[in-house]
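If you're matching them up, the sequences are chains A and B in order.
Residue numbers for the first sequence follow our numbering, so the first one is 8 and each next one is one higher.
Residue numbers for the second sequence follow our numbering, so the first one is 8 and each next one is one higher.
Below is one structure, written out as structure tokens; comments come after it.
Protein chains: 2
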Amino acid sequence: MGQGIAARPQEKEELLAMFEEQIVEVLEWLAAFSPDEAGGVTRLLYSDTWLSTQHALAERMKSYGFVTEFDEVGNLFGKLPGEHTEASSILTGSHIDTVVQGGKYDGAYGIAASLLALRYLHDRYGKPKRTMEVVALCEEEGSRFPMAYWGSGSIAGKRDFEQVAHLQDIDEVSFVDAMEKCGFGRGSGRSSRRHDIGAFIEVHIEQGAVLETEKVAVGVVDAIAGQRRMKFEVTGESNHAGTTPMHMRRDALEGVSAMILELRREATRQGAPLVATVGRLNVLPNVPNVVPGKVMFTVDARHADEAALGLFCKWVMETFKRLADERQLEISGMEWFCEKPVPMDAGIIRHLDEISRELSISSKRMVSGAGHDAQMFEHICPTGMLFVPSRGGISHSPLEYTAPSELAVGVLVLTELLYRLGYGEEAL
Amino acid sequence: MGQGIAARPQEKEELLAMFEEQIVEVLEWLAAFSPDEAGGVTRLLYSDTWLSTQHALAERMKSYGFVTEFDEVGNLFGKLPGEHTEASSILTGSHIDTVVQGGKYDGAYGIAASLLALRYLHDRYGKPKRTMEVVALCEEEGSRFPMAYWGSGSIAGKRDFEQVAHLQDIDEVSFVDAMEKCGFGRGSGRSSRRHDIGAFIEVHIEQGAVLETEKVAVGVVDAIAGQRRMKFEVTGESNHAGTTPMHMRRDALEGVSAMILELRREATRQGAPLVATVGRLNVLPNVPNVVPGKVMFTVDARHADEAALGLFCKWVMETFKRLADERQLEISGMEWFCEKPVPMDAGIIRHLDEISRELSISSKRMVSGAGHDAQMFEHICPTGMLFVPSRGGISHSPLEYTAPSELAVGVLVLTELLYRLGYGEEAL
Numbered sequence: 008m009g010q011g012i013a014a015r016p017q018e019k020e021e022l023l024a025m026f027e028e029q030i031v032e033v034l035e036w037l038a039a040f041s042p043d044e045a046g047g048v049t050r051l052l053y054s055d056t057w058l059s060t061q062h063a064l065a066e067r068m069k070s071y072g073f074v075t076e077f078d079e080v081g082n083l084f085g086k087l088p089g090e091h092t093e094a095s096s097i098l099t100g101s102h103i104d105t106v107v108q109g110g111k112y113d114g115a116y117g118i119a120a121s122l123l124a125l126r127y128l129h130d131r132y133g134k135p136k137r138t139m140e141v142v143a144l145c146e147e148e149g150s151r152f153p154m155a156y157w158g159s160g161s162i163a164g165k166r167d168f169e170q171v172a173h174l175q176d177i178d179e180v181s182f183v184d185a186m187e188k189c190g191f192g193r194g195s196g197r198s199s200r201r202h203d204i205g206a207f208i209e210v211h212i213e214q215g216a217v218l219e220t221e222k223v224a225v226g227v228v229d230a231i232a233g234q235r236r237m238k239f240e241v242t243g244e245s246n247h248a249g250t251t252p253m254h255m256r257r258d259a260l261e262g263v264s265a266m267i268l269e270l271r272r273e274a275t276r277q278g279a280p281l282v283a284t285v286g287r288l289n290v291l292p293n294v295p296n297v298v299p300g301k302v303m304f305t306v307d308a309r310h311a312d313e314a315a316l317g318l319f320c321k322w323v324m325e326t327f328k329r330l331a332d333e334r335q336l337e338i339s340g341m342e343w344f345c346e347k348p349v350p351m352d353a354g355i356i357r358h359l360d361e362i363s364r365e366l367s368i369s370s371k372r373m374v375s376g377a378g379h380d381a382q383m384f385e386h387i388c389p390t391g392m393l394f395v396p397s398r399g400g401i402s403h404s405p406l407e408y409t410a411p412s413e414l415a416v417g418v419l420v421l422t423e424l425l426y427r428l429g430y431g432e433e434a435l
Numbered sequence: 008m009g010q011g012i013a014a015r016p017q018e019k020e021e022l023l024a025m026f027e028e029q030i031v032e033v034l035e036w037l038a039a040f041s042p043d044e045a046g047g048v049t050r051l052l053y054s055d056t057w058l059s060t061q062h063a064l065a066e067r068m069k070s071y072g073f074v075t076e077f078d079e080v081g082n083l084f085g086k087l088p089g090e091h092t093e094a095s096s097i098l099t100g101s102h103i104d105t106v107v108q109g110g111k112y113d114g115a116y117g118i119a120a121s122l123l124a125l126r127y128l129h130d131r132y133g134k135p136k137r138t139m140e141v142v143a144l145c146e147e148e149g150s151r152f153p154m155a156y157w158g159s160g161s162i163a164g165k166r167d168f169e170q171v172a173h174l175q176d177i178d179e180v181s182f183v184d185a186m187e188k189c190g191f192g193r194g195s196g197r198s199s200r201r202h203d204i205g206a207f208i209e210v211h212i213e214q215g216a217v218l219e220t221e222k223v224a225v226g227v228v229d230a231i232a233g234q235r236r237m238k239f240e241v242t243g244e245s246n247h248a249g250t251t252p253m254h255m256r257r258d259a260l261e262g263v264s265a266m267i268l269e270l271r272r273e274a275t276r277q278g279a280p281l282v283a284t285v286g287r288l289n290v291l292p293n294v295p296n297v298v299p300g301k302v303m304f305t306v307d308a309r310h311a312d313e314a315a316l317g318l319f320c321k322w323v324m325e326t327f328k329r330l331a332d333e334r335q336l337e338i339s340g341m342e343w344f345c346e347k348p349v350p351m352d353a354g355i356i357r358h359l360d361e362i363s364r365e366l367s368i369s370s371k372r373m374v375s376g377a378g379h380d381a382q383m384f385e386h387i388c389p390t391g392m393l394f395v396p397s398r399g400g401i402s403h404s405p406l407e408y409t410a411p412s413e414l415a416v417g418v419l420v421l422t423e424l425l426y427r428l429g430y431g432e433e434a435l
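See the structure below:
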């Protein structure tokens, strides 16, 4: 059994029952600040409801005994000062913003779980050996402004005010004005950049259906997949659909169809953690009685291994070129987005594996196909991630759902991990 | 050599030289009434330039010795009354309207060729045995209002004022108002419906690249292809492109790609006169990092043989259903447009074959994949069509082009045919 908080089986069940009740209460309370008409949550960076949510969260942190602080971009920290003030902090949390018509769990779950875990540890064990902090990161989704990971990136030194100086949202409101209207911006509070963080832990919904399908309680994240995004334009000849015999056609859509099937076949053959997707495709002129002359489409490819991802993208370029050549189609392609895979910390992974085993919680190692704040923190400290199931793999939707009992398991594992990092024998 | 107008080789060359010069003059003159900024012609039904073109054409017909008349929808007839007034008329011509940013040849060539052919016959041989008429049909393209074949359909009894009573163009101008502003409409002139037509002949640019590719001077149309248009909706599951392993996807676009390739493979295997096209395709949500959940697309299938077209469409429905089922995709499909093949008159085809052979003009029998006014006339009289090459198969574009020498060959064949039908020994 666990070395720490749930040493007896009876205690594990009691803790799960408690966390189940608490996590539902906090998530419903958070969602209620930013309801939208679709039944989900819309909480865009620096919006009115974003601000009221952060302030309400600060009040709740205070009521739980945390010392609160905003940094100058609006990240909210709830701190439990440690005995050893010179030791680096353990930070845990996630992002408070959502996409438009998002759900109650993406981001919010990581904050709520961290809040409850640290509150429990503080109530039961008092002052930690080292400082522990829950963080409600101001932004991750990139849904209001063309800027993602603003919260975690600012802490990690990967984002700065220069990068947002000229950004506007869809209503032409400037990033800087929106930030300053909320009371944040350069010099408004503690500088966001941190050099005193010893570890970052994020729990999050999986946003995929692997845990649910395989009936596994938690996913221990090995790595956040690298992503490459390419766009292609295939040009054939736009012709009259009635007067152009089949053998005289250079149909761009037929060529692209062959590319899509080949991409799917090869990605399926290689299998996890590789995924590859043609998500956007537009046809010109897109008229029922005209042979398509041009097709523009995207490829999104992800893999936990940088070299394997590079090889796959090379295969894509070569294969598409061959398929185009065979059909006398022209093709141009370019990569417009490239993010390297981010490995999670081996020590934290080992802890999570052990905790799951000791608490008899089913777990599996997995790669996160989605991006997360954790990938920013990995630049500055050991970082770990834990997933809980997403029903139907659905996220970024009002239909996003994880059962209370599943949410509680994630809180329990996180609590045990934070105990080890902040209170246990190995804490320093 | 020809039995009629070009009995000596020398005469053929003289006639071709004359027609070449004349046809270019008439086509450039017509185009100049409705130039558009793209360098082509835009002459929409009942527009100002449409009206001035029809009136100018009427004046030119008069100057050539034709008796002119508009019917109540704005079809313009230039008549050479025949000796035998009780005999039915021979009608020849095409449509005066164009698509938006069309070319100088589609429609206009058929009118100009008919005008020059009848003028020549009249000048050389005088009064025909039976009445001969050139017609500038008011509308065929369906480009201004959602109504096509308005001119020929009104003559053939396939169109009537009831059908246009509530139509509007994109600027919400009513069909009836536009028609009346030009001086046409119910009771404004001769009733459009005709019962006195003995044959209709239309020469037209091919709008395909078969004649050009095969280096053949004229196409003798066997039939106008039947058309069926279907639309399909394929539904899979819209998922996160990063977190959904390949084997857990139900990717609507991947399924539709397989359908497009199968359609192409089978249509190519069957070959001419079958053609099948996926021209319009839309993806939902059409975002680079989301697996496509839904794809809507169209199939346009054409064939000269009604039964073969029916069998092919049945194959399409069954094959798409099977490909969807194999992938656990849902599919719904419906046919929203069905036009039967229209055979051209065997006697006229025989005449055209003979004339080409006697004049040593290369020709081939072909199916028109595009629709034409001829298919309306086929309901009321023996009907024939002749094609001349389209450079690059291009039409409905300012780039539409047929060389003057190729245009002249079409005029010569038409002239010989009209001689046979109106002047020759078999004329009555």
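Where is the CB? At the ideal position from N, CA and C, for every residue including glycine.
Chain A beta carbons: is any one of them nearer than 8 Å to that of residue i?
{"i": "Ala-377 (chain B)", "result": "yes"}
{"i": "Arg-398 (chain B)", "result": "no"}
{"i": "Pro-295 (chain B)", "result": "yes"}
{"i": "Pro-299 (chain B)", "result": "yes"}
{"i": "Gly-479 (chain B)", "result": "As shown, chain B starts at 8 and ends at 435. That puts residue 479 (chain B) outside it, with no answer to give."}
Under three-state DSSP, which class holds residue i?
{"i": "Gly-9 (chain B)", "result": "At Gly-9 (chain B) the pLDDT is 45, less than 50, meaning the model places this residue with poor confidence; the figure from the coordinates comes in the next sentence. Coil."}
{"i": "Thr-275 (chain A)", "result": "helix"}
{"i": "Pro-280 (chain A)", "result": "coil"}
{"i": "Gly-429 (chain A)", "result": "helix"}
{"i": "Thr-60 (chain B)", "result": "helix"}
{"i": "Gly-109 (chain A)", "result": "strand"}
{"i": "Ser-199 (chain A)", "result": "coil"}
{"i": "Gly-149 (chain B)", "result": "coil"}
{"i": "Glu-90 (chain A)", "result": "coil"}
{"i": "Leu-359 (chain B)", "result": "helix"}
Can you find a C-beta in chain B that's less than 8 Å from the C-beta of residue i?
{"i": "Met-341 (chain A)", "result": "no"}
{"i": "Gln-335 (chain A)", "result": "no"}
{"i": "Arg-309 (chain A)", "result": "yes"}
{"i": "Val-290 (chain A)", "result": "yes"}
{"i": "Ile-267 (chain A)", "result": "yes"}
{"i": "His-254 (chain A)", "result": "yes"}
{"i": "Val-225 (chain A)", "result": "no"}
{"i": "Arg-151 (chain A)", "result": "no"}
Just tell me which of the options has its CA closest to the CA of residue i.
{"i": "Ala-308 (chain B)", "options": "B:Ser-150, B:Gln-234, B:Phe-152, B:Gln-61", "result": "B:Gln-234"}
{"i": "Phe-40 (chain B)", "options": "B:Arg-256, B:Glu-148, B:Leu-64", "result": "B:Leu-64"}
{"i": "Ala-218 (chain B)", "options": "A:Glu-221, A:Met-255, A:Lys-222, A:Phe-207", "result": "Note on residue identity: the sequence assigns Leu, not Ala, to residue 218 (chain B). Measuring from the Cα of Leu-218 (chain B), the nearest candidate turns out to be A:Met-255."}
{"i": "Gly-243 (chain B)", "options": "B:Val-171, B:Ala-24, B:Val-297, B:Thr-250", "result": "B:Val-297"}
{"i": "Val-141 (chain B)", "options": "B:Asp-352, B:Tyr-132, B:Val-210, B:Ala-230", "result": "B:Val-210"}
{"i": "Ala-331 (chain A)", "options": "A:Ile-177, A:Val-241, A:Ser-96", "result": "A:Val-241"}
{"i": "Ser-95 (chain B)", "options": "B:Ser-59, B:His-202, B:Gly-190", "result": "B:His-202"}
{"i": "Arg-166 (chain B)", "options": "B:Pro-88, B:Ser-199, B:Phe-26, B:Phe-344", "result": "B:Ser-199"}
Following the continuous alpha helix (DSSP H) through residue i, name the residue where it begins and the one where it ends.
{"i": "Cys-320 (chain B)", "result": "313-333"}
{"i": "Met-253 (chain B)", "result": "From DSSP, Met-253 (chain B) is part of no alpha helix (DSSP H); its letter is neither H nor E."}
{"i": "Glu-18 (chain B)", "result": "16-38"}
{"i": "Lys-188 (chain B)", "result": "182-188"}
Where do the ends of the beta strand (DSSP E) carrying residue i lie?
{"i": "Phe-304 (chain B)", "result": "301-310"}
{"i": "Ile-338 (chain A)", "result": "337-346"}
{"i": "Asp-130 (chain A)", "result": "That residue, Asp-130 (chain A), is in no beta strand (DSSP E); its alpha helix (DSSP H) goes 115-132."}
{"i": "Ser-375 (chain A)", "result": "370-375"}
{"i": "Gly-100 (chain B)", "result": "96-102"}
>> Quick check: the segment 401-420 of chain B against the segment 115-129 of chain B, are at least 3 beta-carbon pairs closer than 8 Å?
In response: yes
>> Whether or not the segment 416-434 of chain A and the segment 383-392 of chain B are in contact is what I'm after, with contact meaning three or more pairs of Cβ atoms, one per stretch, closer than 8 Å; do they touch?
In response: no
> Contact between the segment 342-362 of chain A and the segment 310-322 of chain A: three or more CB pairs below 8 Å?
Replying inline: yes
> Quick check: the segment 284-292 of chain A against the segment 290-306 of chain B, are there 3 or more CB pairs under 8 Å?
Replying inline: yes
>> Between the segment 210-226 of chain B and the segment 245-260 of chain A, can you find at least three pairs of beta-carbon atoms closer than 8 Å?
In response: yes
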